[in-house]
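**Q** Count along the sequence shown from 1, add 676, and you get the number used in the numbering used here.
Would you mind keeping the following structure in view while I ask a few things?
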Amino acid sequence: MTDAESILEDHKMSAGIKKTPTSAVSMDGNMAKLLLAPCLVAEQNRLYTNPVVNSPFTCSMCIVQFSHPSTQCLCSGCDPASCPPQITTPPKVPKLKAMEKSKHLSKDQQKMAVTAFEEVCGRIYDAAPSLLTGLLPSAAFLLDNTIKILVKRVTSLQCLADLAALTTSNGLLQPHLHHVWNTIQQLRTKLPLSSAQPVEVASKDCMFIMDCHMELATTR
Numbered sequence: 677m678t679d680a681e682s683i684l685e686d687h688k689m690s691a692g693i694k695k696t697p698t699s700a701v702s703m704d705g706n707m708a709k710l711l712l713a714p715c716l717v718a719e720q721n722r723l724y725t726n727p728v729v730n731s732p733f734t735c736s737m738c739i740v741q742f743s744h745p746s747t748q749c750l751c752s753g754c755d756p757a758s759c760p761p762q763i764t765t766p767p768k769v770p771k772l773k774a775m776e777k778s779k780h781l782s783k784d785q786q787k788m789a790v791t792a793f794e795e796v797c798g799r800i801y802d803a804a805p806s807l808l809t810g811l812l813p814s815a816a817f818l819l820d821n822t823i824k825i826l827v828k829r830v831t832s833l834q835c836l837a838d839l840a841a842l843t844t845s846n847g848l849l850q851p852h853l854h855h856v857w858n859t860i861q862q863l864r865t866k867l868p869l870s871s872a873q874p875v876e877v878a879s880k881d882c883m884f885i886m887d888c889h890m891e892l893a894t895t896r
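This is how it looks when you write it as structure tokens:
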């Protein structure tokens, strides 16, 4: 702002001297006026010889789809309250109870569970609309990382709502959660419980799955 004020002061002092201004000096002067203008919109209109009032819409499409511009200027110089800061809050991750050590699967049992989830993923993919299957891989419905989380927590999920909370970031999977839940119940009847290493809390699992789906969406 100090540089802009000094540039305008130099322009005033040299106003009576005949001198062909260079493009750089002319640009600096205009930029200084824009920076110091109380109303940025009015200064832009003056600089580019824009009309003070825009012509009203005449075609029927514009009249229906676009509202008429406000007669009052809403730039930050005329109305600072019109530009509130944008504050974004991270999504809240649902918390589930941590799984007991005695409810973990052995390595062989984990392989069986992975195979079961891969099979249900294939069935979900085959039953999905062709519009989706033609654009997305089968992993989009049940990511490999999601399968790992489900295998780790297969014995701790108490109901379908727990499964929905753990996979809430995958909108493609939500309509087919009952198939996944049936697979979980079948695994519980086939696989006896065994002790293993402790696992992380479910809230971290939820955030991990959300990050995986965001990464998949950005790579499409």
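All C-beta atoms in this analysis are idealised placements derived from N, C-alpha and C, irrespective of residue type, glycine included.
Assign residue 830 to buried or exposed, taking buried as 16 or more other Cβ atoms, counted over all protein chains shown, within 10 Å of its Cβ.
**A** Buried is the call here.
**Q** How many Å lie between residue 836 and residue 853 at the Cα?
**A** Cα-Cα distance, rounded: 8 Å.
**Q** CB-CB under 7 Å to residue 814, same chain, minus the five flanking residues each way: which ones, in chain order?
**A** Cβ within range, chain order: 797, 798 and 801.
**Q** Have a look at residue 817 and residue 804 and give me their C-alpha separation to the nearest angstrom.
**A** Their backbone Cα atoms lie some 9 Å apart in a straight line.
**Q** Measuring alpha carbon to alpha carbon, tell me which of 855, 781 and 735 ends up nearest residue 866.
**A** Selected option, being the one with the closest Cα: 781.
**Q** Alpha carbon to alpha carbon, how far is residue 841 from residue 712? Give it in angstroms, no decimals.
**A** If you take the alpha carbons of residue 712 and residue 841, they lie about 53 Å apart.
**Q** Pick out whichever of 843, 811 and 828 has its Cα sitting closest to the Cα of residue 863.
**A** Closest option to residue 863, Cα to Cα, is 828.
**Q** Under three-state DSSP, which class holds residue 715?
**A** Of the three classes helix, strand and coil, the one that applies to residue 715 here is coil, per DSSP.
**Q** When the Cα of residue 807 is compared with those of 725, 722, 705 and 848, which residue comes out closest?
**A** Minimum Cα distance to residue 807 is reached at 848.
**Q** Rounded to the nearest angstrom, what separates residue 704 and residue 725 at their Cα positions?
**A** When rounded, the distance between both Cα atoms is 18 Å.
**Q** Beta-carbon within less than 7 Å of residue 859's beta-carbon, same chain only, minus the 5 sequence neighbours each way: which residues are those?
**A** Cβ neighbours of residue 859 beyond the five flanking positions: 792, 793 and 796.
**Q** Can you check whether the CB of residue 823 is closer than 7 Å to the CB of residue 790?
**A** Going by C-beta atoms, residue 790 is nearer than 7 Å to residue 823.
**Q** Check each candidate in 716, 729, 843 and 834 and name the one with the smallest Cα separation from residue 861.
**A** Nearest C-alpha to residue 861: 834.
**Q** Quick one: give me the first and last residue of the alpha helix (DSSP H) that residue 822 is part of.
**A** Where residue 822 is concerned, the enclosing alpha helix (DSSP H) stretches over 820-828.
**Q** Would you call residue 850 buried or exposed, if buried means 16 or more other Cβ atoms sit within 10 Å of its Cβ?
**A** Exposed, since its Cβ has fewer than 16 Cβ neighbours within 10 Å.
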